[in-house]
Amino acid sequence: MRGKARKAFPGHWSFLLGEISLYSFVVVIITGVYLTLFFHPSMNQVVYHGSYAPLRGRTVSEAFDSTMHISFDVRGGLLIRQAHHWAALVFVAAMLCHLMRVFFTGAFRKPRELNWVFGFLLLVLGMFGGLTGYDLPDDLLSGTGLAVVNGTILSIPIVGTYLSMFLFGGEFPGTDLVARFNTIHVLIIPALMVGLLVAHLFLALVHRHTQYPGPGRAGKNVVGLPLKVRAVKSAGLFCLVAGVVFAVAAVAQINPVWRYGPYRADQVSAGSQPDWYMGVADGLLRVMPGWELTFWGHTLALDNLVPLLAGVGVFAAMGVYPFIEAWVTGDDREHHLLDRPRNRPVRTALGVSWLSFYLVALLGAANDIIATRFHVAVESVTWAVRVGLVVLPPLVHVLTKRWALGLQRQDRDKVLHGRETGIIKRMPNGEFVEVHEPLSREESALLTQRDQYRAIGPGRPAGGGDPDGGFHPVRRLRGALNRTFYGAQVPAGEPAEREHQEITAGPTPPAGS
149 MRGKARKAFP GHWSFLLGEI SLYSFVVVII TGVYLTLFFH PSMNQVVYHG SYAPLRGRTV
209 SEAFDSTMHI SFDVRGGLLI RQAHHWAALV FVAAMLCHLM RVFFTGAFRK PRELNWVFGF
269 LLLVLGMFGG LTGYDLPDDL LSGTGLAVVN GTILSIPIVG TYLSMFLFGG EFPGTDLVAR
329 FNTIHVLIIP ALMVGLLVAH LFLALVHRHT QYPGPGRAGK NVVGLPLKVR AVKSAGLFCL
389 VAGVVFAVAA VAQINPVWRY GPYRADQVSA GSQPDWYMGV ADGLLRVMPG WELTFWGHTL
449 ALDNLVPLLA GVGVFAAMGV YPFIEAWVTG DDREHHLLDR PRNRPVRTAL GVSWLSFYLV
509 ALLGAANDII ATRFHVAVES VTWAVRVGLV VLPPLVHVLT KRWALGLQRQ DRDKVLHGRE
569 TGIIKRMPNG EFVEVHEPLS REESALLTQR DQYRAIGPGR PAGGGDPDGG FHPVRRLRGA
629 LNRTFYGAQV PAGEPAEREH QEITAGPTPP AGS
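For any residue, its number in my numbering is found by taking its place in the sequence shown, counting from 1, and adding 148.
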């Protein structure tokens with residue numbers, strides 16, 4: 149314990165993303181416990197006699213009635229409800245940003261592959277936790293979303309009907325949905341998330357923190373703040389996160405169930421939108437053509453099944469990427485120094501392409517709102533999203549890769565020639581030159597402290613041996629992917645002695661001047 153107390157923590161701002169997700173999760177747990185004391189997870193029908201006059205005398209479920217009671221009659225109930233919802237949104241957003249930071253900097257590499265998997269599972273569980281909690285009030289908006297979920301489940305071949313009957317306790321909407329979702333939302337998902345979080349933090353403690361390149365930083369040390377200082381700063385950050393969440397909850401209304409009313413199977417809430425993290429699934433459903441296949445007396449609903457498979461594939465690609473990159477590059481070393489995104493142009497381009505696909509699908513989830521607000525046909529918005537899903541990710545990939553390579557060349561020029569000072573000097577021969585000054589020790593280390601990789605040949609085996617020992621399609625595929633991943637990178641080496649002298653002494657006058 150004394151040794152762990154001397155542990156250093158990097159002070160880079162990007163490491164705060166993980167702490168924001170942790171502290172927003174703590175706010176979710178605390179507010180969720182408070183709400184559980186007043187919520188009744190039952191679909192039994194009662195007559196509403198609460199404080200909200202427009203709904204008095206309406207037949208509602210006990211879940212909806214208790215949600216209205218929390219919102220209007222429990223002291224601080226509406227504030228806690230909205231803080232719980234906003235904290236859940238912040239948690240998923242912070243988790244996604246944290247994973248993107250880990251992805252773009254290569255912090256998922258050995259020995260942290262398992263930690264990446266834990267973080268990825270936390271993101272997925274957070275999304276499903278939000279989905280199940282979003283549906284507990286049994287209002288018209290959540291019921292509309294559940295109808296979409298039920299249609300997607302039913303599109304799964306063979307087992308879809310059984311899954312729907314098990315989830316809803318009978319034909320949709322059933323009578324046990326709220327009770328089952330409440331068990332999943334309150335017990336199962338939080339327990340799994342706490343277990344994954346503890347394992348995630350334990351592995352981070354065992355493997356120690358990664359850090360960005362810099363003077364005195366290597367794979368065997370960590371340069372940063374001591375534990376006591378970091379603990380005080382983290383406590384302050386927790387207070388800031390909680391304060392911002394509650395401030396937003398106090399001034400920004402979210403999920404006003406009294407405006408939607410109780411759920412009825414014969415009604416649909418107009419302009420319904422899911423929470424942003426489920427928007428990609430809803431967007432893919434909205435822009436998918438109504439294709440169906442009928443064979444042997446059975447109908448395969450491709451308009452629901454294809455978006456389901458596409459959404460699962462997008463997230464599965466994120467989860468398994470560290471193992472794919474390790475196989476393609478053949479790099480099985482331990483890494484404790486982070487990459488700058490520009491130094492891994494292909495990885496960076498893949499990540500930005502993934503984000504572009506996600507954002508276009510998210511726009512598709514609001515195609516009706518966009519059409520209404522901008523006075524355009526909803527079909528035009530739908531076709532624009534369809535084209536964007538196919539065209540934009542490859543285009544973004546190419547542009548991002550070229551941008552990263554250009555930044556590498558700029559860094560190389562800085563290393564070799566120093567920083568531009570803006571001072572112009574006139575040489576004896578009349579030539580005007582700009583004076584450059586050498587980089588600082590910190591910046592030079594940042595630009596040059598990186599691994600230089602070389603692409604493997606198409607037939608070169610991973611462990612050596614005869615490169616021409618027969619035709620191996622998998623080996624050739626790996627070689628092609630490896631050359632794609634590493635083939636066009638620009639090395640940024642230390643400046644040569646002659647170039648260093650030119651930097652410090654200035655240009656040499658031409659002979660005879």
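Ideal Cβ placement from N, Cα and C applies to all residues, glycine included.
- CA-to-CA, the gap between Leu594 and Pro361 works out to about 5 Å.
- Here the alpha carbons of Ile472 and Leu510 stand approximately 27 Å from one another.
- In chain order, His233 place their CB closer than 7 Å to the CB of Asn403, counting only its own chain and leaving out the 5 sequence neighbours on each side.
- Contact between Leu273 and Ile337 holds: CB atoms are separated by about 5 Å, below the 8 Å threshold.
- In the three-state reduction of the DSSP assignment, Asp561 falls in the helix class, which pools H, G and I.
- Shown here, Gln401 sits in coil according to DSSP, grouped into three states, outside any helix or strand.
- In the DSSP annotation of this structure, the continuous segment of the alpha helix (DSSP H) that includes Phe471 starts and ends at Leu450 to Thr477.
- In the three-state reduction of the DSSP assignment, Glu527 falls in the helix class, which pools H, G and I.
- Within its own chain, the residues whose Cβ lies closer than 8 Å to the Cβ of Gly367, once the five positions on either side in sequence are excluded, are Glu482, His483, His484 and Leu485, listed in chain order.
- The beta-bridge partner set that DSSP reports for Thr207 consists of Val195.
- In the structure shown, Asp430 adopts helical secondary structure according to DSSP, grouped into three states.
- Cβ-Cβ distances below 8 Å link Glu579 to nothing in the same chain once the five nearest sequence neighbours on each side are left out.
- Assignment of Asp213 by DSSP, reduced to helix, strand and coil, places it in the helix class.
- Apart from the 5 residues on each side of it in sequence, Trp264 sits with its Cβ closer than 7 Å to the Cβ of Val250, Phe256 and Pro470 in its chain, given in chain order.
- The Cβ neighbour count for Val622, taken over all protein chains shown within 10 Å, is under 16; the residue is labelled exposed.
- Here the alpha carbons of Leu625 and Val181 stand approximately 52 Å from one another.
- At a Cβ-Cβ threshold of 8 Å, Ile168 and Ala242 count as neighbours.
- Of all C-beta pairs linking the segment 579 to 589 to the segment 560 to 571, three or more are shorter than 8 Å, placing the two stretches in contact.
- The segment 501 to 510 makes contact with the segment 540 to 549; the number of CB pairs closer than 8 Å reaches 3 or more.
- His584: member of the beta strand (DSSP E) spanning Phe580 to Glu585, first to last residue.
- Proximity of the segment 395 to 415 to the segment 280 to 297 meets the contact definition, three or more beta-carbon pairs being nearer than 8 Å.
- The beta carbon of Arg492 is closer than 7 Å to those of Gly254 in its chain, skipping five residues each way along the sequence.
- In the structure shown, Pro489 falls within a helical segment according to DSSP collapsed to helix, strand and coil.
- Cα atoms of Leu183 and Val176: separation of roughly 10 Å, rounded to the nearest angstrom.
- The C-beta distance from Gln401 to Ala514 rounds to 19 Å, too long to meet the 8 Å contact threshold.
- The Cβ neighbour count for His348, taken over all protein chains shown within 10 Å, is at least 16; the residue is labelled buried.
- Boundaries cannot be given for Ile336, as no beta strand (DSSP E) includes it and DSSP labels it neither H nor E.
- In its chain, beyond the 5 residues on either side, Asp516 and Ile517 have a beta carbon closer than 7 Å to the beta carbon of Gly419.
- Going by beta carbons, Val392 and Ala156 fall outside the 8 Å limit.
- DSSP places Ile306 in no beta strand (DSSP E); its state is neither H nor E.
- When DSSP reads this structure, Lys368 sits in no beta bridge, so it has no partner.
- Nearest in C-alpha terms to Leu279, of all of His333, Pro363 and Thr596, is His333.
- DSSP places Arg550 in the helix class (H, G or I) of the three-state scheme.
- Membership of Leu595 in the alpha helix (DSSP H) is indicated by the continuous run Arg589 to Thr596.
- Listed as beta-bridge partners of Arg574 by DSSP are Phe580.
- Closest in alpha carbon position to Gly461, among Arg488, Thr447 and Ala429, is Ala429.
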